[in-house]
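Student:
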Amino acid sequence: MQTCPCPRCGAALALSLASLHGVRCRSCGYEGPPRPEVLERLRIAQGELSRLDQRTRQLDASAQAAIVRALRTRWGAIVVLSLGVLPFVALAVAGVAEGFEEHPGLPLANRIIGVSLTWVPLLVYACVGGILAAFVGRARRRLLAASAAIPPERPGEPVTCAVCGASLASFGTSPIARCGYCAADNVVHPAALRQAATARSFDIDSIGATTALRAREVVSAASHASAMGVASVVGTPPVSFFAVLALLLFAKAVEPYIALAASPTPRYAWVATKRGKCVGLIGERDGVPQAHFGGNDKLPNPMTLDTLPPRFAPSAIVGRTMRLANGKRGRVVGVTGAPVTNREQLVLDSGAHGDLPGACAEE
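Everything in the sequence shown is counted per the numbering used here, starting at 4 for the first residue and increasing by one.
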């Protein structure tokens, strides 16, 4: 708030362009014009304001809409984000249910990591949504601060116009009040007034520059707030999806190097294929045995078997010379567990890693 000394007692008097000849001192009761030098500054500012386009002091339809959005809960956004999170919640619940099922021979570490991975997408969604919501909140606070009226310095004092300092009359239920003196639009909602600094005031000596700056700031803040609002609703699901996909690809890439214990369960078997004798992960579907060859796209995957072959544990491969799906060859020096794919990984003496299912014996 702009002030000047009282001509009688020197106390601070509130100024506005609407009261050039009528200031009142609360301390000594003085009523009348301010000191001549202050009055001259006010007259110059008043003349400068009269030469400005009135529209620069008013909020256009897009800015008003952005302000209204910033002041109320957007149920549409909440509904969209709630629908977007459902697949991630379903995956997390399914992971927990899977974790409680019996998996004979599967190491506990693999089970824990496997269940934890199903919660990663939900956590990613929450983090992405939270980060975007924070940006939206920051953009809306900036908009409210740029368009807000000047809050009162003391309880009971009137809210004043950010352009000319005039007191704003009762504005009813509308969050936007138009100044009766300079026709500037001011946001008078309590949430906006909380964003405006209490020390904020109109500038007597450069009212034209500050008015233009305020107009540009409001337009920029309204555009940014609207864009961030749309981004938070439209962007959260796809950003979360691609973030989860990137995490899974990263996990798959580092999986061969995670030295977890291999399962002792005999669930692999030698299967005769067009590429020789290869290791298949044995399962059944509708009572029919099948062999799965992991990521080996050179073999039928899965392959239906006539009979259930004798199975062996992953450790039975150690010491054999094998050819991985990627063509790398070597003697197997170790087998590790794989929490992402749940397929054991072979470690060759050359340092190469690869899935146990789909690896073939070197004759």
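Backbone N, C-alpha and C define an ideal beta-carbon position, used for all residues, glycine too.
(1) When the Cα of G283 is compared with those of L302, P267 and D289, which residue comes out closest?
(2) Expressed to the nearest angstrom, what Euclidean distance is found between the alpha-carbon atoms of D352 and R346?
(3) Which residues share a DSSP beta bridge with S170?
(4) Give me whichever residues DSSP pairs with R181 in a beta bridge.
(5) Evaluate S53 with the Cβ neighbour count: other Cβ atoms within 10 Å of its Cβ, from every protein chain shown; 16 or more gives buried, anything less gives exposed.
(6) Taking only three categories from DSSP, how would you classify F138?
(7) Going by beta-carbon coordinates alone, are A364 and G279 separated by less than 8 Å?
(8) Kindly examine the ligand NAD and report whether one of its heavy atoms sits closer than 7 Å to the Cβ of L349.
(9) Look at the Cβ atom of G322, then the Cβ atom of G361, and state whether they are nearer than 8 Å.
(10) Which same chain residues, not among the five before or five after L251, have their C-beta less than 6 Å away from its C-beta?
(11) Between the C-alpha atoms of Q348 and I70, what's the straight-line distance to the nearest angstrom?
(12) Which residue wins for smallest C-alpha separation from D63, given the options D188, I153 and N329?
(13) So for P10, helix, strand or coil by DSSP?
(14) By Cβ distance below 6 Å, which residues in the same chain neighbour A66 in space, the five residues on each side in sequence not counted?
(15) Beta-carbon separation of Y128 and S19 under 8 Å?
(16) Please say whether A152 and A165 have beta carbons closer to each other than 8 Å?
(17) With distances taken between CB atoms, is the gap from T239 to L84 smaller than 8 Å?
(18) Could you tell me the boundaries of the alpha helix (DSSP H) in which P37 lies?
(19) Comparing C-alpha positions only, which one of G232, C12 and A180 sits nearest to V139?
(20) F91 and L125 - do their beta-carbons sit closer together than 8 Å?
(21) DSSP three-state call for G337: helix, strand or coil?
(22) On the criterion of 16 or more Cβ atoms from any shown chain inside 10 Å, does R141 qualify as buried, or is it exposed?
(23) In the DSSP assignment, what residue or residues form a beta bridge with M306?
(24) So R27 and A73 are supposed to be a Cβ contact under 8 Å. How far apart are they, rounded?
(25) Name, in chain order, the residues that DSSP records as bridge partners for Q348.
(26) How long is the line joining the alpha carbons of G286 and V236, rounded to whole angstroms?
Tutor: Reading it off the structure:
(1) It is L302 whose Cα lies nearest to the Cα of G283.
(2) D352 and R346: Cα-Cα distance of roughly 20 Å.
(3) In the DSSP output, where bridge partners are listed per residue, S170 has T163.
(4) DSSP output for R181 lists D188 as bridge partner(s).
(5) In this structure S53 is exposed. Its beta-carbon is surrounded by fewer than 16 other beta-carbon atoms within 10 angstroms.
(6) Here F138 sits in helix by DSSP.
(7) Going by C-beta atoms, A364 is nearer than 8 Å to G279.
(8) This structure lacks the ligand NAD; in fact it carries no ligand of any kind.
(9) Not closer than 8 Å, so no.
(10) Nothing meets the Cβ criterion.
(11) Taking the straight line joining both Cα atoms gives about 57 Å.
(12) Measuring from the Cα of D63, the nearest candidate turns out to be D188.
(13) Shown here, P10 sits in coil according to DSSP, grouped into three states, outside any helix or strand.
(14) Cβ within range, chain order: V221 and A225.
(15) No, the pair does not count as a contact, with Cβ atoms beyond the cut-off.
(16) Yes.
(17) With contacts defined as CB atoms closer than 8 Å, T239 and L84 qualify as a contacting pair.
(18) Counting along the chain, P37 falls outside any alpha helix (DSSP H), and DSSP gives it neither H nor E.
(19) When only C-alpha atoms are compared, the closest one is G232.
(20) It is a contact, given that the beta carbons lie within the stated cut-off.
(21) Three-state result, G337: strand.
(22) Exposed: under 16 other Cβ atoms inside 10 Å.
(23) Within the DSSP secondary-structure output, M306 pairs in a beta bridge with A294.
(24) So it is not a contact: roughly 36 Å between Cβ atoms.
(25) Note: Q348 sits in a beta bridge opposite T339 and D358.
(26) Computed Cα separation, rounded: 43 Å.
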